[in-house]
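Participant: The structure is given below, and queries will be raised subsequently.
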Amino acid sequence: MGKQEDPKSLDDSNSTHKPDTSTVDVPVATNMAIPSIPSSLLPQPSWFTAKRLLAVFCVINLINYVDRGTIASNGVNGNRRTCTKDGTCSSGSGIQGEFNLSNFQDGVISSAFMVGLLVASPIFASFAKRVNPFRLIGVGLTVWTIAVVGCGFSINFWFIATCRMLVGVGEASFISLAAPFIDDNAPVAQKTAWLGIFYMCIPTGIAFGYVYGGLVGNHLSWHWAFWIEALLMLPFAVLGLFMKPLQLKGFSHTGSKKPLTSPLTACPEEAVLNCSNGLSSTREDPKDGSKGAPSNLNELARFWKDLKVLHLEKTYVINVLGYIVYNFVIGAYSYWGPNAGYYIYHMKNADMMFGGITVISGIFGTLAGGFVLDRMTSTISNAFKLLSVATFLGAIFCFAAFCFKSLYAFIPLFAIGELLVFATQGPVNYVCLHSVNPGLRPLAMAMSTVSIHIFGDVPSSPLVGVVQDRINNWRVTALMLTSVLFIAAGIWFIGIFIHSVDRSNEDSENQISDAERARSQPLLKEISNEPIEVPVESS
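Numbering (the working numbering), first residue to last: 46 to 584.
Below, the structure is given as structure tokens:
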């Protein structure tokens with residue numbers, strides 16, 4: 046049928062000539078020289094395992110939020126310069142004292158990172174379609190490290206404010222892309238629990254930041270607090286930039302038609318350079334002479350198209366709406382809680398009291414929410430049930446806590462309420478990840494982050510301040526704020542009755558095909574000694 050092969054063109058084996066469509070059984074783990082086998086078909090070893098990936102991402106997340114707590118700690122933030130009536134002036138301490146900042150300027154520095162975070166999150170999510178997401182995390186962490194070093198070298202208000210904005214830019218890539226990587230690698234029966242472990246680092250990191258900032262700021266200087274943070278993050282930035290990149294489910298980043306990798310796989314050898322250099326998946330194909338990387342206009346059109354798809358997904362929209370209302374309350378609690386506790390219950394150390402309750406409740410509540418949803422069977426419908434019930438019960442306990450005049454009644458009730466409220470962290474992010482197809486997950490996480498801040502905690506603090514100025518009663522203000530949690534519970538309750546589909550396994554335009562995934566080597570699987578079929582191409 047086909048043209049005969051020249052035996053000399055074959056390997057020095059005893060294999061006989063076969064037609065074009067024939068295959069030869071080749072053991073993967075032998076030392077046979079097989080020049081005709083592309084290196085991309087061979088198993089790719091990688092240092093990462095699922096648990097190592099979770100551990101690395103948790104440490105990175107912890108350092109991120111330690112920085113949030115550090116900038117607000119007394120040891121780093123410090124106090125303003127003050128003068129008495131007799132003309133005696135104190136030099137102040139920390140950032141406020143060194144730069145003689147007003148309260149407004151100090152507030153700008155503490156929240157400046159939010160500007161970079163909100164602007165850069167959608168950009169990094171959009172780039173994930175063209176650049177390997179693991180490399181994007183490395184780029185973001187590098188920006189973060191450089192920006193934090195800059196904070197330590199700050200010479201005035203504008204310098205440190207700019208550096209804090211760049212800290213937000215660096216954090217944006219990690220915030221958008223880490224959760225999809227964890228979701229890909231987590232065991233099926235423990236996906237929400239793993240997300241809960243990851244998000245547990247938020248309250249833990251902030252609490253450590255308060256302590257760390259106080260110790261370093263008081264014993265060395267506030268500059269060293271930032272430099273040590275940068276030193277801790279540097280190895281992870283290098284890891285993201287130079288280690289063999291992992292493939293995120295739903296994305297392909299080489300122009301080749303050869304097999305790529307599954308979500309739990311490092312990029313094949315021939316693709317590493319492409320992943321490292323961030324080549325577009327729409328790279329020019331020499332066979333068809335198609336155009337190279339799409340223009341900026343096409344990229345913008347694709348971004349708006351993806352954004353429209355997100356807004357048409359009812360499950361995702363309902364989930365984010367509930368999250369916005371929820372974050373409205375949590376943001377105001379974190380900012381005004383100590384003040385309310387001081388004026389209502391005359392707490393001697395309201396910062397430590399509220400901080401301690403939040404940390405303990407945050408850790409146990411976040412972990413519990415993830416484990417409970419996994420025990421219920423992780424589905425979007427069950428997630429909405431847990432979100433609505435936990436938030437409703439948490440609102441009842443928090444509301445009841447502020448009704449009591451006794452501090453000893455307030456503390457246990459409020460602690461239980463916050464534990465229930467924090468149980469939502471795993472489930473709410475599970476819905477974000479599973480209500481959209483894999484290719485949209487980074488954008489879904491980015492837009493969720495942007496939305497809950499712009500419409501949630503950013504406006505809530507000043508609005509609560511306006512209400513308090515009007516009524517001048519912290520107990521009533523706290524009760525009004527807490528009642529908003531019932532609205533969040535109601536929105537998530539509606540989600541139970543919406544027809545929801547778990548789209549986490551759906552194909553997307555950048556999805557790796559099943560045939561390619563079947564031919565790739567999973568990250569968690571050992572090299573097999575079983576033979577594989579390798580086509581012998583005819584000349």
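Beta carbons: idealized from backbone N, C-alpha and C, even for Gly.
Below 8 Å on the Cβ atoms is my guess for Arg-209 versus Phe-158; work out the distance and round it to an integer in Å.
Facilitator: 5 Å
Participant: Where does Ser-147 fall in DSSP's three states?
Facilitator: coil
Participant: Measuring CB atoms only, is the stretch 241 to 249 touching the stretch 190 to 200, in the sense that at least three cross pairs come out at less than 8 Å?
Facilitator: Result no; under three Cβ-Cβ pairs closer than 8 Å.
Participant: On the CB-based measure, 16 or more other CB atoms within 10 Å of its CB, does Asp-514 come out buried or exposed?
Facilitator: exposed
Participant: Given that a residue counts as buried once 16 or more other Cβ atoms are within 10 Å of its Cβ, and exposed if not, what is Val-521?
Facilitator: Val-521 is classed as exposed because its beta carbon has fewer than 16 other beta carbons within 10 Å across all chains shown.
Participant: So, using beta-carbon positions, are Ser-406 and Glu-463 closer together than 8 Å?
Facilitator: yes
Participant: Which first and last residues belong to the alpha helix (DSSP H) in which Ile-456 is found?
Facilitator: 452 to 467
Participant: Give the secondary structure of Ala-157 by DSSP, where H, G and I count as helix, E and B as strand, and everything else as coil.
Facilitator: coil
Participant: Counting only the same chain and skipping the five closest in sequence on each side, list residues whose C-beta sits under 6 Å from that of Gly-285.
Facilitator: Ile-182, Gly-183, Leu-186
Participant: Per the contact definition of three or more C-beta pairs closer than 8 Å, is the stretch 488 to 496 in contact with the stretch 353 to 373?
Facilitator: yes
Participant: Mapping DSSP to helix, strand and coil, what is Arg-548?
Facilitator: coil
Participant: Could you check if His-479 is buried or exposed, using at least 16 other CB atoms within 10 Å of its CB as the buried criterion?
Facilitator: Sixteen is the threshold: when 16 or more other Cβ atoms of the shown chains lie within 10 Å of the Cβ of His-479, as they do, the residue is buried.
Participant: In angstroms, rounded to a whole number, what distance separates the CA positions of Gly-41 and Leu-432?
Facilitator: The question about residue 41 has no answer, for the chain in this structure spans 46 to 584.
Participant: Report all residues from its chain with a CB closer than 7 Å to the CB of Ser-166; omit the five preceding and five following residues, and keep chain order.
Facilitator: Ala-217, Ile-220, Ser-221, Ala-491, Thr-494, Val-495
Participant: On the three-state DSSP scale, how would you describe Val-481?
Facilitator: coil
Participant: Going straight from the alpha carbon of Ala-523 to that of Ala-346, what length do you get?
Facilitator: 44 Å
Participant: Measuring from the CB of Thr-494, is there a heavy atom of the ligand COA at a distance below 7 Å?
Facilitator: The ligand COA is not part of this structure, which contains no ligands at all.
Participant: State buried or exposed for Asn-372, treating a residue as buried only when at least 16 other CB atoms are found within 10 Å of its CB.
Facilitator: buried
Participant: Does the pairing of the stretch 418 to 438 with the stretch 533 to 547 give three or more beta-carbon distances under 8 Å?
Facilitator: yes
Participant: Between Ile-200 and Val-121, what straight-line distance do the alpha-carbon atoms span, to the nearest angstrom?
Facilitator: Roughly 15 Å separates the two Cα atoms.
Participant: Taking only three categories from DSSP, how would you classify Asn-384?
Facilitator: helix
Participant: Which residues in the same chain have their Cβ closer than 7 Å to the Cβ of Leu-412, if we skip the five residues on either side of it in sequence?
Facilitator: Gly-241, Ile-242, Met-245
Participant: In chain order, what residues of the same chain lie with their CB nearer than 6 Å to the CB of Ala-385, ignoring the 5 residues before and after it?
Facilitator: Excluding positions up to five away in sequence, the list reads Trp-519, Ala-523.
Participant: Check the C-beta distance from Val-111 over to Gly-254 and give it rounded, since I have them as a contact under 8 Å.
Facilitator: Contact flag correct, Cβ pair sits at about 4 Å.
Participant: Could you tell me whether the Cβ atoms of Ala-238 and Phe-429 are closer together than 8 Å?
Facilitator: no
Participant: At 4 residues or longer, and completely inside the stretch 198 to 234: list those alpha helix (DSSP H) runs for me, N to C.
Facilitator: 202 to 230
Participant: Over the uninterrupted alpha helix (DSSP H) stretch that includes Lys-236, give me the two end residues.
Facilitator: 236 to 264
Participant: So, Leu-526 versus Val-374, is the Cβ gap smaller than 8 Å?
Facilitator: yes
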